[in-house]
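Chains as they are written, first to last, in this note's numbering: chain A, 70 to 377; chain B, 70 to 377. Backbone N, C-alpha and C fix where the C-beta goes; we use that ideal spot for every residue, glycine too.
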């Protein structure tokens with residue numbers, strides 16, 4: 070089986086949406102990526118860090134999904150990264166209430182030996198120096214390196230971010246971040262400019278409005294599934310990235326045609342993530358539900374106009 | 070050839086976008102619908118009203134596109150409806166600067182005898198009583214009646230609007246209007262509620278984020294084509310409606326499968342409309358360009374995941 074290496078936060082989240090409120094629950098980019106990628110046939114490992122306040126049951130959950138957690142460092146006496154946010158009524162925007170870096174402040178990622186030859190590396194949202202450090206530890210060139218990032222790093226660590234962006238094949242960012250990074254309002258122009266920074270493939274996530282993937286002049290669009298209820302958008306972008314990188318890892322095919330399928334899988338898995346608070350929906354999601362929803366994606370998008 | 074009857078404004082617009090500004094130019098819902106529908110094999114007529122300040126060349130343009138203008142009343146001494154608006158930098162929102170109803174205030178639509186048996190009726194955005202009056206004049210039941218409307222009528226003429234909505238097969242409105250009309254935030258729930266008001270098919274236009282068509286539990290999505298430049302969004306929704314109703318008229322097929330194609334055509338034609346100011350792009354658009362862009366829509370949306 071092919072190997073997927075995931076780096077990102079494993080964290081506590083406290084979330085408030087118009088539908089309710091949680092105490093500290095399991096969160097973090099790597100957690101969502103890992104859960105999402107676990108729907109594919111692959112070997113995955115997470116590189117991250119937590120404090121010794123982090124419950125064993127959360128680690129056991131990851132292990133139960135066949136995720137190698139030997140790269141998750143547990144810092145004695147340390148406290149786990151904590152994020153708290155409150156979503157606005159439309160669920161499209163949120164205020165960050167609390168960000169406690171804790172053990173993340175001094176994080177030195179250590180890639181497990183068995184994953185230094187991973188086929189795909191998924192660099193979840195983290196300090197760009199941590200992302201670079203993971204790439205530096207690889208002993209063979211991965212077939213595909215995917216990077217997710219956010220506006221925070223564009224504001225605070227742009228030179229380091231540009232360095233790691235140079236080294237990746239795929240970047241996934243949201244529409245506002247693509248505009249910020251490129252200085253272009255049009256997403257077509259933004260993607261063209263981001264191509265020149267390094268990534269051959271540019272994925273622009275538009276939340277409830279779907280996702281675009283660009284390769285040069287080519288573009289493909291995966292809609293978000295129209296849902297009756299969106300309960301909690303937390304982790305949707307990471308779940309998307311996990312579906313994308315997980316499918317590519319399983320299929321061993323990095324053609325643009327196959328990446329179309331990969332963003333459909335990403336959008337598919339993300340559509341489940343938002344149906345319940347935190348990771349709850351992803352923890353209990355069944356393979357059969359994923360396949361059934363793919364049929365919905367086909368019905369949603371496939372048409373047959375004869376162009377002859 | 071099948072017949073398409075179009076009712077709506079024929080007007081002057083003055084438009085300001087971040088890219089420039091126009092004096093009074095040709096505008097109006099029926100104008101955009103008519104130009105867009107002219108790309109299909111059909112007989113069309115516009116029912117509308119203008120003042121005698123309306124230039125003959127604008128009427129000649131419509132005639133040159135094989136649109137029957139005998140239903141456009143010219144009021145002696147009257148002034149043509151005038152709208153002026155200014156778009157914000159993101160082009161997604163605008164302020165109305167001027168609305169002069171002029172001859173529209175007392176408009177009594179008269180359907181030309183030859184179009185009282187039209188196959189499809191496209192009720193463009195106008196007072197719901199005008200829309201109803203057109204339906205009252207039909208001598209045979211159209212195969213499909215499509216209605217476009219806007220929030221203005223929900224605010225000022227809701228009972229009259231609900232009356233005409235009852236009588237139509239398809240309603241096209243934007244996402245905010247769907248939410249206002251239904252009182253539901255989720256577009257899935259909004260569409261379900263609007264179904265109960267009468268229309269079997271609910272089309273929700275999301276501007277640069279594409280369009281959804283709902284029939285009961287079924288849903289299909291047409292993306293907007295990602296463009297390098299959007300110059301002027303004026304008329305895009307009407308152009309969409311013209312492509313939708315024009316394609317249905319030509320194809321004589323009101324199945325949900327065919328409506329999928331119809332909203333793809335609508336989205337396709339709208340993608341041209343926004344490339345220049347006002348009607349300019351639509352006036353000179355060639356059939357070949359439309360076909361080529363359909364290929365782009367296929368490339369943008371079609372994927373091949375094996376679900377076996």
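| query | Taking DSSP as the reference, what is the three-state secondary structure of residue 266 (chain B)? | reply | coil
| Element boundaries [alpha helix (DSSP H), containing residue 116 (chain B)] | Unbroken run through residue 116 (chain B) is the beta strand (DSSP E), 112-120; no alpha helix (DSSP H).
| request: List the residues of chain B whose Cβ lies closer than 8 Å to the Cβ of residue 330 (chain A), in chain order. | output: Under the 8 Å cutoff, chain B gives 372, 373, 374.
| field | From A:235, A:281, A:320, A:124, residue whose alpha carbon lies closest to that of residue 264 (chain A) | value | The shortest Cα separation from residue 264 (chain A) among A:235, A:281, A:320, A:124 belongs to A:235.
| message | What does the Cβ neighbour count give for residue 97 (chain B), buried or exposed, with the cut at 16 atoms within 10 Å? | response | buried
| Residues of its chain near residue 148 (chain B), where Cβ-Cβ distance is below 6 Å and the 5 sequence neighbours each way are ignored | 120, 122, 171
| task | In angstroms with no decimal places, state the Cα-to-Cα distance between residue 71 (chain A) and residue 188 (chain A). | result | Taking the straight line joining both Cα atoms gives about 6 Å.
| Is residue 272 (chain B) helix, strand or coil when you go by DSSP? | strand
| query | From residue 87 (chain A) to residue 219 (chain B), what does the alpha carbon distance come to, in whole angstroms? | reply | Each residue's Cα considered, the two are about 28 Å apart.
| field | Cβ-based burial, residue 275 (chain A) [other Cβ within 10 Å; buried from 16] | value | buried
| message | DSSP has residue 243 (chain B) in a bridge; who is on the other side? | response | B:274
| request: Please classify residue 324 (chain A): is it buried, with 16 or more other beta-carbons within 10 angstroms of its beta-carbon, or exposed? | output: exposed
| said: Can you check whether the C-beta of residue 274 (chain B) is within less than 8 Å of a C-beta belonging to chain A? | reply: no
| field | Local conformation of residue 364 (chain A) per DSSP, three classes | value | helix
| query | Closest to residue 318 (chain A) by CA distance: which of A:356, A:78, A:107, A:79 is it? | reply | A:107
| request: Could you check if residue 330 (chain A) is buried or exposed, using at least 16 other CB atoms within 10 Å of its CB as the buried criterion? | output: buried
| task | State yes or no: is the beta carbon of residue 157 (chain A) nearer than 8 Å to at least one beta carbon in chain B? | result | Interface with chain B (8 Å Cβ-Cβ cutoff): residue 157 (chain A) is excluded.
| Using a C-beta to C-beta distance shorter than 7 Å, which residues of chain B count as neighbours of residue 290 (chain A)? | 292, 369, 370
| task | State the Cα-Cα distance for the pair residue 76 (chain B) and residue 240 (chain B), rounded to the nearest angstrom. | result | 14 Å
| query | Which chain B residues sit within Cβ distance under 7 Å of residue 295 (chain A)? | reply | Within chain B, the C-beta atoms nearer than 7 Å to that of residue 295 (chain A) come from 256, 257, 281, 288, in chain order.
| 4 or more residues per run - each alpha helix (DSSP H) lying fully within the region 177-243 of chain B | Segments of the alpha helix (DSSP H) lying fully in the region 177-243 of chain B: 197-206, 220-225, 227-234.
| Exposed or buried, which one is residue 133 (chain B) when buried takes at least 16 other CB atoms within 10 Å? | exposed
| For residue 251 (chain A) and residue 137 (chain A), the rounded distance between their alpha carbons | 36 Å
| said: I'd like the list of long-range same chain contacts for residue 273 (chain B), defined as Cβ closer than 6 Å, with 5 residues on each side in sequence excluded. | reply: 244, 247, 256, 281
| query | Does residue 343 (chain A) have its Cβ less than 8 Å from a Cβ in chain B? | reply | no
| Three-state secondary structure (DSSP) at residue 286 (chain A)? | coil
| field | Near-chain B residues of the region 352-368 of chain A (beta-carbon distance less than 9 Å), N- to C-terminal order | value | 360, 363, 364, 365, 366, 367, 368
| message | Going by C-alpha to C-alpha distance, which of A:152, A:206, A:156, A:169 sits closest to residue 177 (chain A)? | response | A:206
| Using the beta-carbon count (16 or more within 10 Å), is residue 89 (chain B) buried or exposed? | exposed
| request: Between the Cα of residue 295 (chain A) and those of B:260, B:305, B:308, spot the shortest distance and give me the residue it belongs to. | output: B:260
| task | Mind listing the chain B neighbours of residue 333 (chain A)? Cutoff is C-beta to C-beta under 9 Å, in chain order. | result | 372, 374
| task | Would you please verify whether the beta carbon of residue 278 (chain B) is less than 8 Å from any beta carbon of chain A? | result | yes
| query | With 8 Å set as the bound, which would you pick, yes or no: does the beta-carbon of residue 298 (chain B) sit closer than that to a beta-carbon of chain A? | reply | yes
| Continuous beta strand (DSSP E) stretch holding residue 156 (chain B): start and end | 151-156
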